[in-house]
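Structure first, commentary second.
Protein chains: 2
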Amino acid sequence: MLTIALPKGALLKDSIAYFQRVGLNFEALLEPGNRQLQVLSQDGRARALLVRAQDVPVYVQYGQAQLGIVGYDVLREKNPHVAKLADLGFGQCRLSVAVKASSPYRSARDLPPHCRVASKFVRCADAFFQQLDLPVDIVPLYGSVELGPITGMAEAIVDLVSTGRTLKENGLVELEQIFSSTAYLIAHPRSYRLNLNGLGHYVPQLIGAIA
Amino acid sequence: MLTIALPKGALLKDSIAYFQRVGLNFEALLEPGNRQLQVLSQDGRARALLVRAQDVPVYVQYGQAQLGIVGYDVLREKNPHVAKLADLGFGQCRLSVAVKASSPYRSARDLPPHCRVASKFVRCADAFFQQLDLPVDIVPLYGSVELGPITGMAEAIVDLVSTGRTLKENGLVELEQIFSSTAYLIAHPRSYRLNLNGLGHYVPQLIGAIA
Numbered sequence: 001m002l003t004i005a006l007p008k009g010a011l012l013k014d015s016i017a018y019f020q021r022v023g024l025n026f027e028a029l030l031e032p033g034n035r036q037l038q039v040l041s042q043d044g045r046a047r048a049l050l051v052r053a054q055d056v057p058v059y060v061q062y063g064q065a066q067l068g069i070v071g072y073d074v075l076r077e078k079n080p081h082v083a084k085l086a087d088l089g090f091g092q093c094r095l096s097v098a099v100k101a102s103s104p105y106r107s108a109r110d111l112p113p114h115c116r117v118a119s120k121f122v123r124c125a126d127a128f129f130q131q132l133d134l135p136v137d138i139v140p141l142y143g144s145v146e147l148g149p150i151t152g153m154a155e156a157i158v159d160l161v162s163t164g165r166t167l168k169e170n171g172l173v174e175l176e177q178i179f180s181s182t183a184y185l186i187a188h189p190r191s192y193r194l195n196l197n198g199l200g201h202y203v204p205q206l207i208g209a210i211a
Numbered sequence: 001m002l003t004i005a006l007p008k009g010a011l012l013k014d015s016i017a018y019f020q021r022v023g024l025n026f027e028a029l030l031e032p033g034n035r036q037l038q039v040l041s042q043d044g045r046a047r048a049l050l051v052r053a054q055d056v057p058v059y060v061q062y063g064q065a066q067l068g069i070v071g072y073d074v075l076r077e078k079n080p081h082v083a084k085l086a087d088l089g090f091g092q093c094r095l096s097v098a099v100k101a102s103s104p105y106r107s108a109r110d111l112p113p114h115c116r117v118a119s120k121f122v123r124c125a126d127a128f129f130q131q132l133d134l135p136v137d138i139v140p141l142y143g144s145v146e147l148g149p150i151t152g153m154a155e156a157i158v159d160l161v162s163t164g165r166t167l168k169e170n171g172l173v174e175l176e177q178i179f180s181s182t183a184y185l186i187a188h189p190r191s192y193r194l195n196l197n198g199l200g201h202y203v204p205q206l207i208g209a210i211a
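Protein chains in written order, with UniProt numbering: chain A, 1 to 211; chain B, 1 to 211.
So, in structure tokens, the structure goes:
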């Protein structure tokens, strides 16, 4: 049976609407109070796993799910061994460098060498500053990265920005965009190559159903 | 001013009660709908930062908070450069190896070499199996680790267990305990050594206030 890894959080609603276009209904996952992490599609022909966004490529890489939806930001940060089938266009956001609005910096190059940059995206942040030839000390955080500059722990942050509201509420401004991100359809490479678990049937339909 | 990093989640309520015993009231953080990540104590003499459990030692290591409360599990996994002042006794849980109840394994040594073990505690899991001299493939997950054995991705998991309810609900059984964990009071080493930010005043009182 086809198994699909779906990400909890911001991309879930659009991901479910997308699979609905090829006849796979996983709306049970959106019911308030749902605690199930696995559901069958309404027609019983496929299964969805509800997992953290960062775990989607893990399930797909190990072949426990043949398909998954995940943000480009996660693919850039983790570089998993999965087949990137298509950019789905939804879930638009950007990975950006931001600083306190009161700081004197107007571009990432203005940051002082060996300053601290707080981020959940340690590898992406590191690669960006290496490319600028600016040595910085990346402080890895799991949540509320905006607290870094507020508390004075870090001069800057590298974080995902969608509407910009969180930055604004915390007195931060965007200096520079590192890359923009949208949701991607990914597949387990071997299952995709060999058309296992109904991928030969569903993948052309899914590609055709991109809005 | 003394700044204290408090962990979101399971340890928060007991942590706030603990600081209340030395006259520092951070109950504002418990108000329903609170969105503030920084609050002053009611008497205005100290500040609390509300951060993810894994971020507590980061704020303390960099000295942005002079004190923090964090689970021993996080200290074991991250090994941060902080001073461990005291075991606070609350927040009891254990890091354990678990497998499907239907599996033939009755101890961690029974697991087949090169099997997969899913965990958020990658370093602790790795160290445990190295010590057993059992080579395993650790699959790093961020959430819902119990899905690993259920989907067949992993033969076992290494995860925190408190009541055991999540394991039971998912048809898993505990094989072996790796270590037990409770909340710890930690300090920024230099601030502690030099009695900065009122640590000379608060630390003896805090040690005396352990239940």
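A virtual CB, placed ideally from N, CA and C, is assigned to each residue, including glycine.
Exposure of residue i, with buried meaning 16 or more beta-carbon neighbours within 10 Å
i	result
B/T3	buried
B/K84	exposed
A/A46	buried
A/T151	buried
B/S144	buried
A/P149	buried
A/S191	buried
A/Y142	exposed
B/P104	exposed
B/E77	buried
B/G68	buried
Three-state class that DSSP yields for residue i in the structure shown
i	result
A/G200	helix
A/E155	coil
A/Q66	coil
A/Q54	helix
A/D137	strand
A/P7	strand
B/K120	coil
B/Q205	helix
B/V145	coil
B/S180	strand
B/R47	strand
B/L30	helix
A/L37	coil
A/I150	helix
A/L12	helix
Any non-hydrogen atom of the ligand FAD within 7 Å of residue i CB
i	result
A/Q36	With respect to small molecules bound, the structure shown includes none, and the ligand FAD cannot be examined in it.
Alpha-carbon spacing of residue i relative to residue j, whole angstroms
i	j	result
B/R94	B/A183	12 Å
B/A28	B/F19	13 Å
B/L50	B/V74	16 Å
residue 245 of chain A	A/R165	The structure shown has nothing for residue 245 of chain A, since chain A only spans 1 to 211.
B/R35	B/D55	18 Å
B/P12	A/A86	Going by the sequence as given, residue 12 of chain B is Leu instead of Pro. Answer to the nearest angstrom: the Cα atoms are 42 Å apart.
A/G9	A/R52	8 Å
A/F90	B/H201	54 Å
B/V139	B/S119	6 Å
A/N195	A/Q205	14 Å
A/V58	A/K100	35 Å
B/L88	B/S15	9 Å
B/V161	B/G171	14 Å
A/I207	A/C115	44 Å
B/Q66	A/A154	16 Å
A/P135	A/R109	11 Å
B/Q130	A/L40	38 Å
B/Q61	B/S102	44 Å
B/A125	B/V158	6 Å
B/F128	A/H188	30 Å
B/E176	B/L185	27 Å
A/P112	A/D137	11 Å
B/S180	B/Q92	7 Å
A/V70	B/L37	29 Å
A/P32	B/M1	43 Å
B/V122	B/G63	26 Å
residue 225 of chain B	B/L132	Outside the displayed span of chain B (1 to 211) sits residue 225 of chain B, for which this structure offers no information.
A/R106	A/S96	13 Å
A/A209	A/E146	37 Å
B/H81	B/L199	18 Å
A/A48	A/A5	6 Å
B/N197	B/A211	25 Å
A/D43	B/V117	33 Å
Beta-ladder partner(s) of residue i, from DSSP
i	result
A/Y105	Note: A/Y105 sits in no beta bridge, so no partner.
A/Y18	A/Y18 is not bridged to any residue.
B/K100	B/L172
A/F128	A/F128 is not bridged to any residue.
A/A86	A/L185
B/C93	B/S181
A/Q42	DSSP output for A/Q42 lists no bridge partner at all.
A/G164	A/G164 pairs with nothing; no bridge assigned.
A/L2	A/A46
A/G71	A/A183
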